[in-house]
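Peer 1: In my numbering, the protein residues as written are 130 to 440. The beta carbon of each residue, even a glycine, is placed where N, CA and C say it ideally should be. My questions will all concern the structure given below.
Put into structure tokens, the structure is as follows:
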């Protein structure tokens with residue numbers, strides 16, 4: 130496997146090869162990572178012309194924005210532990226003619242990320258389809274690695290989920306069953322409290338503003354949402370980081386922080402194109418959304434830098 134290709138296929142066997150579990154299962158002190166979402170090459174043109182199904186034949190704007198994101202991340206010191214992209218890597222759905230070219234252009238940008246900053250990928254609806262099939266999920270895995278997996282960093286347990294299986298698994302029920310059994314086993318590990326924190330990454334938010342809000346295209350169906358929330362709370366999950374909404378949102382539900390991060394690419398609200406910096410200390414998880422320009426120009430706030438120095 131070529132070195133460039135390996136960068137995108139580190140999620141294998143439901144684990145992540147950049148981090149060794151034995152070496153990373155113990156707390157070593159504060160660290161941080163970068164979360165981005167929805168570079169979604171092709172959406173900006175589609176949104177502009179009002180054809181979100183077949184209008185995504187140009188993505189120069191998204192290339193430029195993602196280049197800005199990579200440039201900002203590479204300038205940071207100390208370096209983040211990893212850069213996670215929470216889904217909708219490109220806009221074209223499976224079977225749409227531009228998908229392969231969009232993915233190629235995205236990889237050309239992302240492979241410029243500093244080699245000491247691993248790339249973590251989360252599947253979104255545009256990556257595997259609104260109603261994924263075994264074939265669309267396999268195609269994603271061939272390009273980006275496993276669609277769900279777990280890994281440890283500095284005593285913190287991270288779970289990457291395939292949230293599309295929560296949304297519509299009608300065409301792949303067996304894969305959903307496998308995902309559910311795996312998730313139950315991972316939550317059991319988290320519940321044993323052998324980790325300093327447990328954090329989830331998924332594309333679709335559980336909720337946007339309130340845990341009991343009505344069903345929406347941008348959240349998980351209410352009854353399933355409540356079931357998942359109770360499972361997460363029981364396991365001690367501290368935070369869920371997502372995208373999908375193309376706006377910043379989220380709220381606390383008991384001890385769980387539901388974080389919805391706006392897009393690197395097309396904005397559907399009033400937020401700037403940006404990234405989220407997440408600092409993990411021994412007793413808390415602190416995060417801030419930065420515009421790409423702000424992060425490129427100023428780097429991390431002193432407040433976050435100081436948190437990284439705490440013992």
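Can you grab the Cα-Cα spacing for the pair residue 390 / residue 293, in whole Å?
Peer 2: So the alpha carbons of these two residues sit roughly 17 Å apart.
Peer 1: The alpha helix (DSSP H) spanning residue 296 covers which residue range?
Peer 2: 293-296 is the span of the alpha helix (DSSP H), which, as asked, contains residue 296.
Peer 1: Identify every residue that forms a DSSP beta bridge with residue 387.
Peer 2: For residue 387, which the question treats as bridged, DSSP gives the partners 369, 380.
Peer 1: What residue from 298, 304, 430, 404 has the CA that sits closest to residue 214's CA?
Peer 2: That would be 404, whose Cα lies nearest to the Cα of residue 214.
Peer 1: Taking the beta carbon of residue 314 as the centre, do at least 16 other beta carbons fall within 10 Å, making it buried, or is it exposed?
Peer 2: Classification of residue 314: exposed, given that the 10 Å Cβ count is below 16.
Peer 1: Just checking, does the segment 302-309 make contact with the segment 346-361 on the three C-beta pairs under 8 Å criterion?
Peer 2: The answer is no - the segment 346-361 does not touch the segment 302-309, with fewer than three Cβ pairs under 8 Å.
Peer 1: How is residue 170 classed by DSSP in three states: helix, strand or coil?
Peer 2: Residue state, collapsed to three classes: strand.
Peer 1: In three-state terms, what does DSSP make of residue 215?
Peer 2: In this structure, residue 215 counts as strand in the three-state DSSP scheme.
Peer 1: Is the segment 134-154 close to the segment 365-382, with three or more CB pairs under 8 Å?
Peer 2: Flag = no, the segment 134-154 and the segment 365-382 do not touch.
Peer 1: So what's residue 355 in DSSP terms, helix, strand or just coil?
Peer 2: Three-state result, residue 355: helix.
Peer 1: Any idea if residue 139 is buried or exposed, counting beta-carbon neighbours within 10 angstroms, 16 or more meaning buried?
Peer 2: Buried, by the Cβ-count rule.
Peer 1: In three-state DSSP terms, what is residue 227?
Peer 2: In the structure shown, residue 227 sits in coil (DSSP, three-state: anything other than H, G, I, E or B).
Peer 1: Measure the alpha-carbon distance for residue 381 versus residue 208 and round it to whole angstroms.
Peer 2: Residue 381 and residue 208: Cα-Cα distance of roughly 28 Å.
Peer 1: Would you be able to state if there are at least three C-beta pairs under 8 Å between the segment 179-196 and the segment 407-416?
Peer 2: At 8 Å Cβ cutoff, the stretches do not touch.
Peer 1: Buried or exposed: where does residue 442 fall if 16 or more other Cβ atoms within 10 Å of its Cβ makes it buried?
Peer 2: For residue 442 there is no data in the structure shown, the boundaries of the chain being 130 and 440.
Peer 1: I think residue 333 touches residue 295, with their Cβ atoms under 8 Å apart; what is that distance to the nearest whole Å?
Peer 2: Yes, they are in contact, since the Cβ atoms of residue 333 and residue 295 sit about 7 Å apart, within 8 Å.
Peer 1: If you scan the segment 305-358 from start to end, which runs of the beta strand (DSSP E) of 3 or more residues do you find wholly inside it?
Peer 2: 326-330, all fully within the segment 305-358.
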